[in-house]
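Contents: one structure, followed by commentary.
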Amino acid sequence: MFTASESAKIKLFGKLIFTNPFTAERLDIERQLLGSRHIQRYRVWHRLNGELSANGNLPAIADLCNYLVDKGLALWEKGTFSPDGEALEAWDLLAVYWLFSKYSLSMSHNIYLAAEVEEKSALLYDEFQQDFDRLITGLPRKTPSNYSSEKVFALCHQVHRAFNYIFDFIAGGTTSAAELRSAIWESIFTHDMGLYYRQLYSEMNQITTLITGESGTGKELAAQAISYSQFIPFNSAERRFEYPYRECFHPVQLSAMPPSLIESELFGHVKGAFTGAVNDRQGPFENCRACECVFLDEIGEVPLDVQVKLLRLLQTRQFQRIGDVELKSFGGKVIAATNSELADGCRNGTFRQDLLFRICSDTIRTVPLRTLLDGKEEELRQFVTILAKRVLSAQDTHPFVEKCCKWIIANLGMDYPWPGNVRELEQCLRNLLVRGNYTPLLKARNTSAFDIGEQMADSGLSAEELVRKYVQSLHKRGYSALKISQISGLDRRTVKKYLG
Numbered sequence: 006m007f008t009a010s011e012s013a014k015i016k017l018f019g020k021l022i023f024t025n026p027f028t029a030e031r032l033d034i035e036r037q038l039l040g041s042r043h044i045q046r047y048r049v050w051h052r053l054n055g056e057l058s059a060n061g062n063l064p065a066i067a068d069l070c071n072y073l074v075d076k077g078l079a080l081w082e083k084g085t086f087s088p089d090g091e092a093l094e095a096w097d098l099l100a101v102y103w104l105f106s107k108y109s110l111s112m113s114h115n116i117y118l119a120a121e122v123e124e125k126s127a128l129l130y131d132e133f134q135q136d137f138d139r140l141i142t143g144l145p146r147k148t149p150s151n152y153s154s155e156k157v158f159a160l161c162h163q164v165h166r167a168f169n170y171i172f173d174f175i176a177g178g179t180t181s182a183a184e185l186r187s188a189i190w191e192s193i194f195t196h197d198m199g200l201y202y203r204q205l206y207s208e209m210n211q212i213t214t215l216i217t218g219e220s221g222t223g224k225e226l227a228a229q230a231i232s233y234s235q236f237i238p239f240n241s242a243e244r245r246f247e248y249p250y251r252e253c254f255h256p257v258q259l260s261a262m263p264p265s266l267i268e269s270e271l272f273g274h275v276k277g278a279f280t281g282a283v284n285d286r287q288g289p290f291e292n293c294r295a296c297e298c299v300f301l302d303e304i305g306e307v308p309l310d311v312q313v314k315l316l317r318l319l320q321t322r323q324f325q326r327i328g329d330v331e332l333k334s335f336g337g338k339v340i341a342a343t344n345s346e347l348a349d350g351c352r353n354g355t356f357r358q359d360l361l362f363r364i365c366s367d368t369i370r371t372v373p374l375r376t377l378l379d380g381k382e383e384e385l386r387q388f389v390t391i392l393a394k395r396v397l398s399a400q401d402t403h404p405f406v407e408k409c410c411k412w413i414i415a416n417l418g419m420d421y422p423w424p425g426n427v428r429e430l431e432q433c434l435r436n437l438l439v440r441g442n443y444t445p446l447l448k449a450r451n452t453s454a455f456d457i458g459e460q461m462a463d464s465g466l467s468a469e470e471l472v473r474k475y476v477q478s479l480h481k482r483g484y485s486a487l488k489i490s491q492i493s494g495l496d497r498r499t500v501k502k503y504l505g
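Below you can see the structure in the form of structure tokens.
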């Protein structure tokens, strides 16, 4: 039989497979599994020098998993191992991790292939199903498994898509970068992946995700990572996924449209609905499957009359084209983004409060570049390397990166706030590439006490309005009312009044 230590490790594999890979909890489980063999290379798992970095603990974890599975199968064959209840569930999760680990490299590789990735990935399924039957359904069980080969295969592909795209799109080795990657992961799988597998995998399209943050902080990249990582069922009879994941992302740039055209762009129209409507037109919500996402960038730009229709769509999952009486159904997921404070829009009457509460059930706040860099030269080098590789060959990247980092540190300093965020850093590199120099177009905000006072005096706000904005800014950083009271010296009742 398994020893007490081995049984404990089998249970840990169950936790490992359901744990967010971008959290400290994941690292803690790895330490418990490996003990003294655990390798700690960096604080958070991220790209190193712009390249995909391997988790050095994974081979040892795979070896341990192989040992436990082989021993369990041998005991099962001898008739000395016949788990039931929690022990059987733990075995199933160990087997699922074994399958995930064995096919990890092939699935990750297939993600980056051409449009036929779904067909290429499906070629793995026959071998995957044989292993699944050998480890789970083909054993003399007392109770049937809660897992099916089709669904586990689809989920493994989804996990690989999610990890790779989050890892690719969100750079940085600081805690802030890791927390952002973790937040995006939860927007896909929730914090309870067991419940996600059992039920929520088919319900996440009902939950709208709102991404906020400064301009240039990667809100569209976060939306794209979520869109590429939706659950797509696998049809074992036809040996294919039901839909290509690369066709799941439908961005709508609302800020680039005249207000008069936004309704037509979103909901479509029928021929003759208005002057210029010479043909029927479908909007992005029409014929949208459950695994597809409509990304509404700068949702704060939507006119009030269109906000009413958008609210109705989110509430009823139905809408009408302009000029049409037929109700059409929307089956996908909405992801919205804004760099403005929608709560301010609610107060000044430009954004509906009921729509805000409808779209804020799942929120992500992207991180400004100055926070991601955290004053560290190695973090600056990471971002410069990633951006430089977009325009230069491998041979020329390294010397250019060193030159850029040296220039930025000498001329801008590590405390430069990068008001344009990653977009500004990218243009800085292009300026250095073309002219060997860069002059910021936006004046960096000086945060000395004197200049803050000058800004307050120039703002035109009353003392009460200034205090309200100060309290709300602290709240947006995640501080509780009690902590804000301690920082500001205000009574808790006063703090709650300004947060109301």
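Residue numbers (the working numbering): 6 to 505. Here a beta-carbon is modelled for each residue, glycine too, at the ideal position from N, C-alpha and C.
C-alpha distance - residue i paired with residue j, whole-angstrom precision
i	j	result
Leu-93	His-162	24 Å
Ala-119	Ser-192	Caution is warranted here: a pLDDT of 46 is assigned to Ala-119, below 50, making its placement in the model unreliable, and the coordinate value is therefore given only provisionally. About 26 Å.
Thr-452	Leu-185	Residue confidence for Thr-452 is low, a pLDDT of 42 falling below 50, so the modelled location carries little weight; the figure read from the coordinates is stated next. Distance between the alpha carbons of Thr-452 and Leu-185 is about 25 Å.
Gln-358	Cys-365	11 Å
Arg-497	Asp-89	53 Å
Leu-479	Phe-18	39 Å
Ser-269	Gly-288	7 Å
Leu-506	Asn-353	Within the shown structure, residues of the chain are numbered from 6 to 505, placing residue 506 beyond reach of any answer.
Thr-8	Ser-87	15 Å
Lys-333	Tyr-503	42 Å
Ala-188	Ile-369	7 Å
Asp-367	Pro-404	42 Å
Leu-318	Ile-171	29 Å
Arg-386	Cys-410	6 Å
Ile-212	Asn-60	32 Å
Phe-133	Ile-489	53 Å
Gly-178	Arg-146	45 Å
Leu-32	Ser-207	29 Å
Ala-415	Ser-260	37 Å
His-255	Thr-280	27 Å
Glu-429	Ala-95	49 Å
Nearest candidate by alpha-carbon position, reference residue i, set the options
i	options	result
Glu-382	Leu-417, Leu-495, Phe-137	Leu-417
Ser-345	Glu-306, Gly-61, Phe-246, Glu-429	Glu-306
Pro-424	Ser-150, Asn-62, Gly-218	Gly-218
Asp-131	Glu-297, Arg-317, Tyr-250, Ala-242	Ala-242
Ala-227	Gln-235, Phe-236, Ile-216	Ile-216
Pro-64	Leu-39, Ile-141, Val-164, Glu-82	Leu-39
Tyr-484	Glu-470, Ala-468, Lys-501	Lys-501
Ile-413	Glu-431, Tyr-202, Ala-399	Glu-431
Gln-204	Thr-214, Tyr-152, Ser-41	Tyr-152
Ser-265	Pro-308, Ala-230, Arg-294	Pro-308
Thr-343	Thr-222, Leu-80, Val-476, Cys-433	Thr-222
Phe-300	Glu-331, Glu-225, Glu-252, Val-330	Glu-225
Beta-ladder partner(s) of residue i, from DSSP
i	result
Glu-327	Just to set this straight, residue 327 is Ile in the shown sequence, not Glu. Bridge partners of Ile-327: His-274.
Cys-70	DSSP, once it has assigned bridges, lists no residue as partnering Cys-70.
Leu-205	Answer is none; Leu-205 lacks a bridge partner.
Asp-302	Gln-258, Ala-342
Thr-368	Leu-215
Lys-333	Phe-324
Phe-246	Phe-239
Arg-42	DSSP, once it has assigned bridges, lists no residue as partnering Arg-42.
Arg-286	His-274
Nonlocal neighbours in the same chain, by C-beta distance under 7 Å from residue i, ignoring five residues either side
i	result
Arg-36	His-43
Gln-258	Asp-302
Arg-395	none
Ile-116	Val-122, His-165, Arg-166, Asn-169
Ser-150	Asp-97, Ile-141, Thr-142
Range of the contiguous beta strand (DSSP E) that encloses residue i
i	result
Lys-338	338–343
Contacts around residue i, its chain only, beta-carbon distance under 8 Å, and the 5 residues preceding and following it disregarded
i	result
Ser-181	Val-372, Thr-376, Leu-377, Asp-379
Val-157	Val-101, Leu-104, Phe-137
Phe-455	Interpretation of Phe-455 is limited by its pLDDT of 41, a score under 50 that renders its predicted location unreliable; the figure taken from the coordinates is listed afterwards. Correct list: empty, nothing qualifies.
Leu-99	Ile-15, Phe-18, Gly-19, Cys-70, Leu-73, Val-74, Gly-77
Ala-282	Ser-269, His-274, Val-275, Lys-276, Ile-327, Gly-328
Thr-195	Tyr-201, Leu-205, Met-209
Unbroken alpha helix (DSSP H) run spanning residue i, endpoints
i	result
Asp-136	130–137
Leu-38	29–39
Ser-109	109–116
Tyr-233	224–233
Thr-148	First-last for Thr-148: undefined, no H or E at that position.
Gly-380	Looking at the DSSP string, Gly-380 is not in any alpha helix (DSSP H), and its letter there is neither H nor E.
Asp-401	399–416
Cβ-based neighbour list, residue i, same chain, cut-off 6 Å, excluding 5 preceding and 5 following
i	result
Gly-328	His-274, Val-275, Ala-278
Ala-67	Ser-106
Phe-239	Glu-155, Phe-158, Ala-159, Phe-246
Thr-402	Ala-393, Lys-394
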